[in-house]
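Using this note's numbering, the first residue of the sequence shown is number 965, and each one after it goes up by one.
Structure first, then comments.
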Amino acid sequence: MKQALHFGAGNIGRGFIGKVLAESGYHVTFVDVNHELIEAIQRDGSFTVYYAEPEKRHFTIPNISGLDSNLQDQDVVAAIADADLVTTAVGAHILPYIAPLISRGLSARLTQQAGPLNVIACENAVGGSDLLKAEVYKELSKEEQQKADEIIGFPNAAVDRIVPNQHQENILDVLVEPFFEWVVDASTYKGELPAINDIHFVEKLEAYIERKLFTVNTGHALAAYTGYQARLDTVQAAMKDKQVLRDIRQALAESGDLVSTKHGFDREEHDQYIEKILSRFQNQYIIDDITRVARQPIKKLGTNERLISPIRQLLELDRPADGLMKGAAAALQYDYEGDEEARELQKRLQEHGPAKTLAGITGLDEASPVIQGIVKQMK
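Here's what the structure looks like:
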């Protein structure tokens, strides 16, 4: 049986990446620092994935094991040396922390003269595998880096599946939406492409990354920030609000104009993709708290992020971006007391005003059309 080593035994790791790999015939070894989760995986050897839908389909995921990276680091190193595939779903900000352990595993593998190995970061970030590779290479010698360049691939990926906050009786079981998408850059994959049913290998990943980022992530953020302004509690409630839905549709039509123009997606097909995404946000079997989706507003207002990047690119093309600017203005005004970044954001707004605050976050000039356009949209 082929061996996959997956870093991150959380809901995304189990309910998305682990499920796909196990159903394609891999034994999946989960690596995590959460000892309770790893203990449960070792004890049960399987878990159940439930679909958030009327039919209530569920799937038993067998052939799994777990390793505690704090207590079993040598076992993790050995597993990397023997693995057929390594994946992660830990959060992009955690990648630097797992990189040293991965580098130790790759060092061991290189001494064994094993075949090609690919390490895929399945994170909600552009270029996640590139980021991980840079951190891993810091720990490798020049000679090891040269060897790794030949047989170790770090293909980037775009991943998409909504996994809501939840509480299950069995801590391993997980509720997920039926829809998912996992796209991997075939051009940087080392060796033969694997027969994994639900991975879509493409030659030009950037197009799919931006399509997802500027539709799913942008739309989700807009639902949260505009929904919060409308004093709503969940994304599903926001999607029932006619004005909020109109605002989201306008913004996604604008970002759709960008991805269709830039990457050559058929506009009619992209409009259908937008409708599919909106229907996912309307799924009444998922309770998606606005404060969860809206968290980290400073990060989400970054220049290459889901709100500012499409605005910036549209204005460069001399295309309208009023709907997106309205959404970015709502993000800038997000003031939920329970969110650390929201509190920091409001502190900066009070001290410096909106233009200077946004300039500090994005690195753009205060007088730029992007910043001035967003400031004009503030309520």
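Don't be surprised by glycine CBs; every beta carbon is placed ideally from N, CA and C.
Straight-line gap, I1084 to G1092 (C-alpha atoms, nearest Å) = I1084 and G1092: Cα-Cα distance of roughly 8 Å.
Contact belief for V1257 with V1199 at Cβ below 8 Å, rounded distance in angstroms = Confirmed, about 6 Å.
With 16 other CB atoms within 10 Å as the buried threshold, where does L1157 fall?
-> With fewer than 16 Cβ atoms within 10 Å of its Cβ, L1157 is classed as exposed.
Answer yes or no: does any C-beta atom of chain B fall closer than 8 Å to that of A1121?
-> Looking at the structure shown, chain B is missing, and only one protein chain is on hand.
Quick one, which of N1027, L1222, T993, R1270 has its alpha-carbon nearest D1282's?
-> Here the closest residue by C-alpha is L1222.
Go through its chain and collect everything with a Cβ distance to A1202's Cβ below 6 Å, but skip five positions before and after it.
-> Taken in chain order, the residues that qualify are A1187, G1191, L1196, V1208.
Specify the secondary structure class of S1029 as computed by DSSP and reduced to three states.
-> DSSP places S1029 in strand when its eight states are reduced to three.
How far does the beta strand (DSSP E) with Y1015 in it reach, from first residue to last?
-> It spans 1011 to 1015 - the beta strand (DSSP E) in which Y1015 sits, taken as one unbroken run.
Going by CA-CA distance only, name the one from N1120, I1058, I1275, R1210 that's closest to S1151.
-> Nearest option by C-alpha distance: N1120.
How would you call D1162, buried or exposed, if buried means at least 16 neighbouring beta carbons within 10 angstroms?
-> Exposed, by the Cβ-count rule.
In this structure, does DSSP put Y1300 in helix, strand or coil?
-> Correct three-state label for Y1300: coil.
Going by beta carbon distance, what residues of the same chain come within less than 6 Å of F994, once the five residues before and after it are set aside?
-> Taken in chain order, the residues that qualify are H970, A973, I1005, G1030.
Hey, out of V1090, V1100, D1037, V1041, whose CA is closest to P1060's CA?
-> The closest CA to that of P1060, considering only V1090, V1100, D1037, V1041, is found on V1100.
Please state whether DSSP places E1141 in a helix, a strand or coil.
-> E1141: coil per DSSP, three-state reduction.
Endpoints, alpha helix (DSSP H) assigned at L1081 | Per DSSP, L1081 lies in no alpha helix (DSSP H); the unbroken beta strand (DSSP E) holding it starts and ends at 1081 to 1085.
Could you pull out every residue in the same chain whose Cβ sits closer than 8 Å to the Cβ of F980, ignoring the five residues on either side in sequence?
-> In the same chain as F980, and ignoring 5 residues on each side of it, the C-beta atoms closer than 8 Å to its own belong to A1053, C1086, V1123, R1125, V1127, V1140, F1144, W1146, in chain order.
Quick one: is S1243 buried, meaning 16 or more other Cβ sit within 10 Å of its Cβ, or exposed?
-> Counting Cβ neighbours within 10 Å, S1243 comes out exposed, since fewer than 16 surround it.
To the nearest whole angstrom, what separates the beta carbons of L1271 and G1291, a pair I think is in contact under 8 Å?
-> Their Cβ separation, rounded to whole angstroms, is 6 Å, which keeps L1271 and G1291 in contact under 8 Å.
Same chain, Cβ closer than 8 Å to V978, five either side skipped, listed in chain order = Correcting the residue identity first, residue 978 is Arg in this sequence and not Val. Correct list, in chain order: F994, F1011, V1013, I1025, L1136, V1138.
According to DSSP, what are the bridge partners of A968?
-> Paired residue(s): V992, L1049.
Give the straight-line distance between the Cα atoms of N998 and D1032, rounded to the nearest whole angstrom.
-> So the alpha carbons of these two residues sit roughly 7 Å apart.
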